Each structure stands twice: as C-alpha cells, then as structure tokens.
Amino acid sequence: MQTNPLIQPNRPRKMTPHQDDWSDSMGGFATMATNSSSRPQWQPESEIAQLQTEVFAATGIKVSEDDPILAVLVVQKRNMQAYAEQLQQQQSEQQEVFLAQFQIQAQAVIQAADSLAEQKQYLLGEIIRANDVYLQNVENKLMGSVAVKMREQAIDEQDNFLGSLKRLLMISGCLFLLAQLVLLGAFLLLK
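For our numbering, add 13 to where a residue sits in the sequence shown, where the first one is 1.
Here you go:
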C-alpha cells in the first residue's frame with residue numbers, strides 16, 4: 014500500500030479496542046485514568062487521528078486513515094496554520110510600525126506639551142512681575158496721596174495749635190496785665 018508523503022501517521026494502522034470502544038469514535042487511544050475516575054481519557058496520537066475526530070464530530074461520518082480526503086484536510090489544515098502564522102506575523106509587524114509611528118507622534122505631542130508648560134510658566138512669571146510693578150505703582154501713588162494728606166493735616170493741626178496757643182497767650186497776657194493793674198490799684202489805695 015502506498016502512502017502519501019504528506020501523511021505520516023505515528024500510530025499503528027488499526028486501533029486497539031478497549032473496554033467500551035471509546036477510541037473508535039474519538040480518533041485516538043482511550044486509556045483508563047489513574048485517578049478515581051473510571052471514565053477513559055482521550056489522548057490524540059496524530060494529526061490524522063485528530064482530523065478523523067474533527068470530521069466525525071462535525072459530520073457524523075467515519076473517515077478511514079487511507080481516505081484521500083484526509084490528505085486534502087491535512088494540506089488544508091497546514092495551509093491554514095501557515096496563513097494564521099503569516100497573518101499573526103503581519104499583525105505584529107503592523108503593530109510595531111504603528112507603535113514606532115505612535116512614539117514619534119507622541120514625542121512631538123510631549124515636546125509641544127513641555128513647550129506649552131514652559132510658555133505657561135513664562136507667562137505666569139510675566140503676569141506676576143507686571144502685577145508687582147502695578148501694585149508698587151499703586152502703592153506709591155497711594156502712599157504719595159496719603160503722605161500729602163497727612164502733611165496737609167499736620168500743617169492744619171499745627172496752624173490750629175499755634176492759633177489756639179496765640180489766643181491763650183493773649184488771654185493769659187491780658188489776665189496777667191489785669192492782675193498787675195489790680196495789684197497796682199490795690200497797692201496805690203493802700204498807700
């Protein structure tokens with residue numbers, strides 16, 4: 014019997030029947046579990062056995078190992094696996110390219126954000142300096158107008174004080190003169 018070079022099963026041609034013949038319907042040898050479970054565990058033996066199981070599960074048709082459709086299925090499965098690997102590799106490459114471009118754009122955005130932060134700090138500094146100058150000017154004007162008012166008020170109070178002092182001196186001078194006249198008049202009368 015001639016075998017297809019693509020199909021190389023790694024198990025004997027016939028399956029060995031077991032207690033309840035699980036292997037016939039599952040495409041592999043069934044062995045009893047070593048733990049407390051009495052149910053057989055399925056162990057795949059080859060790609061052919063797996064395909065037989067998949068065909069039976071999907072269609073309910075049992076396919077023999079020598080069936081030419083299995084060769085087509087093996088080739089198709091391998092082609093699909095190669096295509097999936099190629100697709101995954103392309104996606105990885107596209108993702109790497111995207112990440113590289115994203116990093117370049119992200120770097121530009123980060124630099125713009127840093128520049129914006131520097132400009133913000135500069136503008137805040139300028140605003141603070143301008144406010145300080147403005148406050149200093151307002152304070153100087155305020156102090157100047159307060160100083161002028163205080164000076165005027167001090168001059169007015171000094172003038173008022175001097176005016177009242179002059180009146181008091183005149184009144185006290187008049188009283189002193191009157192007292193001297195009274196004393197002189199009393200002294201003259203007593204004499």
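From the three backbone atoms N, C-alpha and C, an ideal C-beta is built for every residue, glycine too.
Here the structure is a predicted model, which means the values were calculated and not measured.
Check residue i in the structure and name its three-state DSSP category.
i	result
residue 78	coil
residue 176	helix
residue 185	helix
residue 204	coil
residue 59	coil
residue 157	helix
residue 73	coil
Expressed to the nearest angstrom, what Euclidean distance is found between the alpha-carbon atoms of residue i and residue j?
i	j	result
residue 201	residue 192	14 angstroms
residue 168	residue 140	41 angstroms
residue 194	residue 157	54 angstroms
residue 117	residue 109	12 angstroms
residue 97	residue 89	12 angstroms
residue 115	residue 107	12 angstroms
residue 143	residue 166	34 angstroms
residue 75	residue 112	49 angstroms
residue 189	residue 175	20 angstroms
residue 70	residue 95	24 angstroms
residue 102	residue 135	49 angstroms
residue 85	residue 121	53 angstroms
residue 72	residue 79	18 angstroms
residue 149	residue 180	45 angstroms
residue 130	residue 119	16 angstroms
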